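Using the working numbering, the letters of the sequence shown map in sequence onto residues 12 to 277. Where is the CB? At the ideal position from N, CA and C, for every residue including glycine. Every value quoted in this text rests on a predicted model; they were computed, and no experiment measured them. Written out below as structure tokens is the structure these notes cover.
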Amino acid sequence: MTTSTLTKPAAADAGSTGPYAARIHHVSKSFGRPGARQQVLDDISIDVAPGEFVCLLGASGCGKSTLLNLVAGLDAPSEGTIETPGGRPALMFQEHALFPWLTAGRNIELALRLRGVPRAERRPEAERLLELVRLKGAYGKRVHELSGGMRQRVAMARALAQDSQLLLMDEPFAALDAITRDVLHDELTRIWQETNLSVLFVTHNVREAVRLGERVVLLSSRPGRVAREWRVDIPQPRRIEDSAVADLSIEITEQLRGEIRRHGQH
Numbered sequence: 012m013t014t015s016t017l018t019k020p021a022a023a024d025a026g027s028t029g030p031y032a033a034r035i036h037h038v039s040k041s042f043g044r045p046g047a048r049q050q051v052l053d054d055i056s057i058d059v060a061p062g063e064f065v066c067l068l069g070a071s072g073c074g075k076s077t078l079l080n081l082v083a084g085l086d087a088p089s090e091g092t093i094e095t096p097g098g099r100p101a102l103m104f105q106e107h108a109l110f111p112w113l114t115a116g117r118n119i120e121l122a123l124r125l126r127g128v129p130r131a132e133r134r135p136e137a138e139r140l141l142e143l144v145r146l147k148g149a150y151g152k153r154v155h156e157l158s159g160g161m162r163q164r165v166a167m168a169r170a171l172a173q174d175s176q177l178l179l180m181d182e183p184f185a186a187l188d189a190i191t192r193d194v195l196h197d198e199l200t201r202i203w204q205e206t207n208l209s210v211l212f213v214t215h216n217v218r219e220a221v222r223l224g225e226r227v228v229l230l231s232s233r234p235g236r237v238a239r240e241w242r243v244d245i246p247q248p249r250r251i252e253d254s255a256v257a258d259l260s261i262e263i264t265e266q267l268r269g270e271i272r273r274h275g276q277h
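And the structure:
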């Protein structure tokens with residue numbers, strides 16, 4: 012178990028003491044020298060249940076990516092704890108971060124090798140993962156031969172190759188055009204349902220959060236605090252243009268605007 016130092020959200024405090032894929036407990040984070048420190052996160056508490064898809068939403072600069080890095084173990088909280096009982100999470104960035112001198116398959120095999128998968132098993136597993144992300148036959152393709160959407164699919168397959176029960180995603184579709192992003196929303200939903208992964212997904216796009224998540228957690232700005240949560244009781248598959256998605260998005264957007272206005276007043 013990975014431990015970093017949390018508070019459960021109010022709903023969890025009220026009743027649930029069950030298992031979790033990630034527990035962020037009273038986490039705060041500051042940067043800078045003593046006497047000139049900037050607090051980025053303040054007393055964040057979120058539980059992610061096994062198999063749950065949670066979207067972390069907020070304005071730019073509210074600390075979403077900082078929190079994701081803490082959960083990934085790339086940095087340590089200033090206060091509080093983070094527990095990931097299933098081991099180190101897999102992390103997928105906004106940029107694909109593929110090695111351009113390796114093929115799509117070899118990029119995935121690298122993750123498998125680091126995981127300790129025997130050499131003879133790596134290529135079949137890489138090909139299976141490419142098929143899972145709908146890139147069957149792309150094993151020998153170089154990065155420059157792939158479109159932006161295809162590169163993100165390879166990056167997703169590489170993250171899945173880490174065989175973690177918790178997938179962290181930091182705005183992975185933000186740089187893609189709207190049509191490609193919509194297709195990858197469908198693919199991510201399908202993969203999540205097929206694999207029963209737990210997902211913590213960072214975005215500043217309200218409709219994307221409602222389109223994908225079972226739960227949306229809104230962070231306030233500077234320092235980031237949990238401002239409000241929504242349970243998304245809209246059946247999958249969802250479309251980003253669905254009326255129920257639009258209605259909840261409007262409600263969340265109004266709350267987000269209120270948080271931005273409050274920050275602006277300070």
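Cβ of leucine 195 within 8 Å of Cβ of leucine 187?
yes
Would you call the segment 154-170 and the segment 85-95 touching, i.e. three or more CB-CB distances under 8 Å?
no
Helix, strand or coil at valine 51 [DSSP, three-state]:
strand
By a C-beta neighbour count over all protein chains shown, 10 Å radius and 16 as the cutoff for buried, is tryptophan 112 buried or exposed?
Counting Cβ neighbours within 10 Å, tryptophan 112 comes out exposed, since fewer than 16 surround it.
Hey, out of Ser89, Arg134, Arg236, Gly69, whose CA is closest to arginine 44's CA?
Ser89
What is the DSSP secondary structure of glycine 91, counted as helix, strand or coil?
Looking at glycine 91 - three-state DSSP - the assignment turns out to be strand.
Residues in the same chain with beta-carbon distance under 8 Å from arginine 226, minus the five sequence neighbours each way, listed in chain order, please.
Glu63, Phe64, Val65, Cys66, Glu240, Trp241, Arg242, Val243
Cβ neighbours of isoleucine 119 in the same chain (closer than 6 Å, five flanking residues each side left out):
Ala137, Leu140, Ala168, Arg169, Ala172
Since leucine 255 and isoleucine 245 are thought to touch, with beta carbons under 8 Å apart, how far apart are those beta carbons, to the nearest angstrom?
It should be noted that the sequence gives alanine, not leucine, for residue 255. Confirmed, Cβ separation roughly 5 Å.
Beta-carbon separation of proline 100 and leucine 208 under 8 Å?
no
Rounded to a whole number of angstroms, what is the C-alpha to C-alpha distance between valine 59 and arginine 130?
34 Å
Taking the straight line between their C-alpha atoms, what separation do you get for aspartate 181 and leucine 102?
8 Å
Measure the alpha-carbon distance for alanine 220 versus proline 183 and round it to whole angstroms.
12 Å
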